[in-house]
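Chains as they are written, first to last, in our numbering: chain A, 263 to 592; chain B, -2 to 322.
Below, the structure written as structure tokens:
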């Protein structure tokens, strides 16, 4: 493996993922481009959790899929465990996928209803040829079931016999089957009830403590992201606007969008809420087909100046590990 | 006299797995202008409670088997479908979670917002459309006159929910029932919609039943709270009671299981163990007993009634639990 000691597990540089919008039936032509992810850079160390937050359409899920190479990259580079994986073909990606897995949002749609749970969890072992024989396979599946808090006997059942929280555990067990170094989690708890959410959040933390893997944790719930992440990147309209260690981001948010997001989240305590100013961010997220020039947030920013409308701010480091893309910050 | 008095409401559904008691002996009341939140997880019966009050339970498979819903001196459960249609959209309005499926995709925004005025206020269509412009302005839709001819698909999710609010407020209802009104929306848009709803209900003097699973939203907007679990109210009180001094193990469990922006991140979440209840096979005693850490033999055989602790603070639990020392 060519990864050096100082190199992060995952390094994303200048990533762009654009989707063409085609018009016409016979003479197809590209009418417009959705700039879903438009030039982002970040890195993730082994064993670390990076939270990726933002509202719908900000590009956070697209980023996750591009890192897994399930979407084609328009521009930029993705380095994983020391390899540039940006342009690898399908067969070259296969061994990489063993090291990089995904947990999806919908625990109902992401499990094959016709497969027994043991086969769902064991399938990656077969695909990657990781089980020596039938006995080793069965033992590994049972171990994985126990790891995520299910009984080994439950492997004989079908997904519909499980509740949402249990299905998410099955999805986690499947991701862990191949012993990945990185798990990309796309809204893994947002479909779950509050009382079940905490079970799954704790499971993610326990698994990380035991296996030392890294998470790219994509979610819109800021409280959950803050709880689970070491560092957090905030996305808006295809760009990262702020990255910081979690305490720093919540205590000293520098970007006006980060501040607005934090202010919009109600805190479950009426006494705290009564003392909070409910300043509401006006407007809605513009279309990624034709994003505003300059700073993409300027159309909704309460502080925007003439410069913000023309000149695009770059991410710059204000204090150790705290990066902000705003002309006015600092 | 309270604006709305729900007493012993019980709603059942016939399903393939047997009869499901979705709402079981639920009682609460609501004063004029007050906001009551009904909180609970999926299957807790919060939406079925709202649909029962609105007379929107599909029959069959649903059936309201017991209870009274007193509103402005009448029992809504005694009204005919035609009489109930006169109440809905006029005295009681509703806002649902998914504005795309509650707006008619084939009708213009103007026709849909003007319809309650035409129907209940007997205004001409010219007058109703003029009223619709005023309502759209109230919900802060820019350039409302030009949007009358637009169709719902031309609006964003947040704008559609504004249209729903405009329709709900058209006849200045005494009561608005909002079922997860912002769950499908992004957090900054959710804040816009909830602020709008709060300000307009205040301006119009409407009371609101806010149905949600989000304990943060409840803390920000509700005067009083009912916590539901498996079809029953397990605790109710003022927002200060429920958050400051929760007394039912389920409420305590919910509070401990959510990560909060205003607290130490090193704290490990304390989940409620076990799985959500199976409504078709509830235990004979307290429905929460299988997941409760304070369970005793009595809880497994006997069902605790909702009883007062102090003032309007009530709980349905035999144990005496509290997070206060």
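For each residue, glycine too, the CB sits at the ideal point set by N, CA and C.
Original post:
Using the C-alpha atoms, what's the distance from residue 410 (chain A) back to residue 477 (chain A)?
Top reply: 16 Å
Original post:
According to DSSP, is residue 107 (chain B) helix, strand or coil?
Top reply: helix
**OP:** Could you tell me which chain A residues have their CB closer than 8 Å to the CB of residue 210 (chain B), listed as they occur along the chain?
**Re:** 455 and 456
Subject >> Contact set between residue 217 (chain B) and chain A, taken where Cβ atoms lie within less than 7 Å >> reply: 528 and 535
Original post:
For residue 273 (chain A), which residues of its own chain have a beta-carbon under 7 Å away from its beta-carbon, when the five flanking residues on both sides are left out?
Top reply: 305 and 341
Original post:
Could you give the distance in angstroms between the alpha-carbon of residue 553 (chain A) and the alpha-carbon of residue 166 (chain B)?
Top reply: 35 Å
Original post:
Within this structure, are the beta carbons of residue 209 (chain B) and residue 35 (chain B) separated by less than 9 Å?
Top reply: yes
Original post:
Is residue 259 (chain B) close to chain A, meaning its C-beta is less than 9 Å from at least one C-beta of that chain?
Top reply: yes
Subject >> Exposed unless 16 or more other CB atoms sit within 10 angstroms - verdict on residue 299 (chain B) >> reply: exposed
**OP:** Hey, could you find the ends of the alpha helix (DSSP H) residue 447 (chain A) is sitting in?
**Re:** Element bounds for residue 447 (chain A): not the alpha helix (DSSP H) but the beta strand (DSSP E), 444 to 448.
Subject >> Chain-ordered neighbours of residue 153 (chain B) on chain E, where CB pairs are closer than 7 Å >> reply: In the structure shown, chain E cannot be found, because the protein chains are A and B.
Original post:
What residues in the stretch 501 to 512 of chain A have a beta carbon less than 9 Å from any beta carbon of chain B?
Top reply: 508, 509 and 512
**OP:** Measure the C-alpha to C-alpha separation of residue 371 (chain A) and residue 47 (chain B) and round it to an integer number of angstroms.
**Re:** 29 Å
Original post:
Where does residue 300 (chain B) sit, in a helix, a strand or coil, going by DSSP?
Top reply: coil
Original post:
Taking Cβ positions, are residue 584 (chain A) and residue 521 (chain A) nearer each other than 9 Å?
Top reply: no
**OP:** Identify the contact partners of residue 428 (chain A) in chain B, using a Cβ-Cβ distance below 8 Å as the criterion.
**Re:** 272
**OP:** Compare the C-alpha of residue 19 (chain B) against each of B:266, B:9 and B:217 and name the closest.
**Re:** B:9
Subject >> First through last residue of the alpha helix (DSSP H) which encompasses residue 51 (chain B) >> reply: 43 to 51
Original post:
CB-CB under 7 Å to residue 263 (chain A), same chain, minus the five flanking residues each way: which ones, in chain order?
Top reply: Bear in mind that a pLDDT of 47 at residue 263 (chain A), under 50, signals an unreliable position, so the number given afterwards is only what the model happens to contain. Result list for residue 263 (chain A): 343 and 344, in chain order.
**OP:** Write down the C-beta distance between residue 284 (chain B) and residue 229 (chain B) rounded to the nearest angstrom, noting that I regard them as a contact closer than 8 Å.
**Re:** 7 Å
Original post:
CA-CA distance, residue 49 (chain B) and residue 227 (chain B)?
Top reply: 16 Å
Original post:
What do you get for residue 161 (chain B), buried or exposed, if any count of 16 or more other CB atoms within 10 angstroms of its CB means buried?
Top reply: buried
Original post:
Using Cβ-Cβ distances below 8 Å, what residues of the stretch 429 to 445 of chain A are close to chain B?
Top reply: none
Original post:
Looking at the unbroken alpha helix (DSSP H) that takes in residue 489 (chain A), where does it start and where does it end?
Top reply: 484 to 490
Original post:
Could one say the Cβ of residue -1 (chain B) lies closer than 9 Å to chain A's Cβ atoms, at least one of them?
Top reply: no
Original post:
Between the beta-carbon of residue 255 (chain B) and the beta-carbon of residue 248 (chain B), is there less than 9 Å?
Top reply: no
Original post:
Do residue 67 (chain B) and residue 3 (chain B) have their CB atoms nearer than 9 Å?
Top reply: yes
**OP:** In angstroms with no decimal places, state the Cα-to-Cα distance between residue 311 (chain B) and residue 317 (chain B).
**Re:** 12 Å
Subject >> N- and C-terminal bounds of the beta strand (DSSP E) containing residue 223 (chain B) >> reply: 221 to 226
Original post:
Could you give the distance in angstroms between the alpha-carbon of residue 106 (chain B) and the alpha-carbon of residue 148 (chain B)?
Top reply: 6 Å
**OP:** Return yes when the Cβ of residue 198 (chain B) is within less than 9 Å of the Cβ of residue 173 (chain B), no when it is not.
**Re:** yes
**OP:** Tell me, please, which residues DSSP counts as bridged to residue 280 (chain A).
**Re:** A:297
Subject >> DSSP beta-bridge partners of residue 159 (chain B) >> reply: Residue 159 (chain B) is not bridged to any residue.
Original post:
Can you give the beta carbon distance from residue 530 (chain A) to residue 212 (chain B), rounded, assuming they're within the 8 Å contact cut?
Top reply: 4 Å
**OP:** Determine, using beta carbons only, whether residue 394 (chain A) comes closer than 9 Å to chain B.
**Re:** no
Original post:
Does DSSP put residue 263 (chain A) in a helix, a strand or coil?
Top reply: Model confidence at residue 263 (chain A) stands at a pLDDT of 47, short of 50, so the residue's coordinates are unreliable; what they give is reported in the following sentence. Coil, per DSSP.
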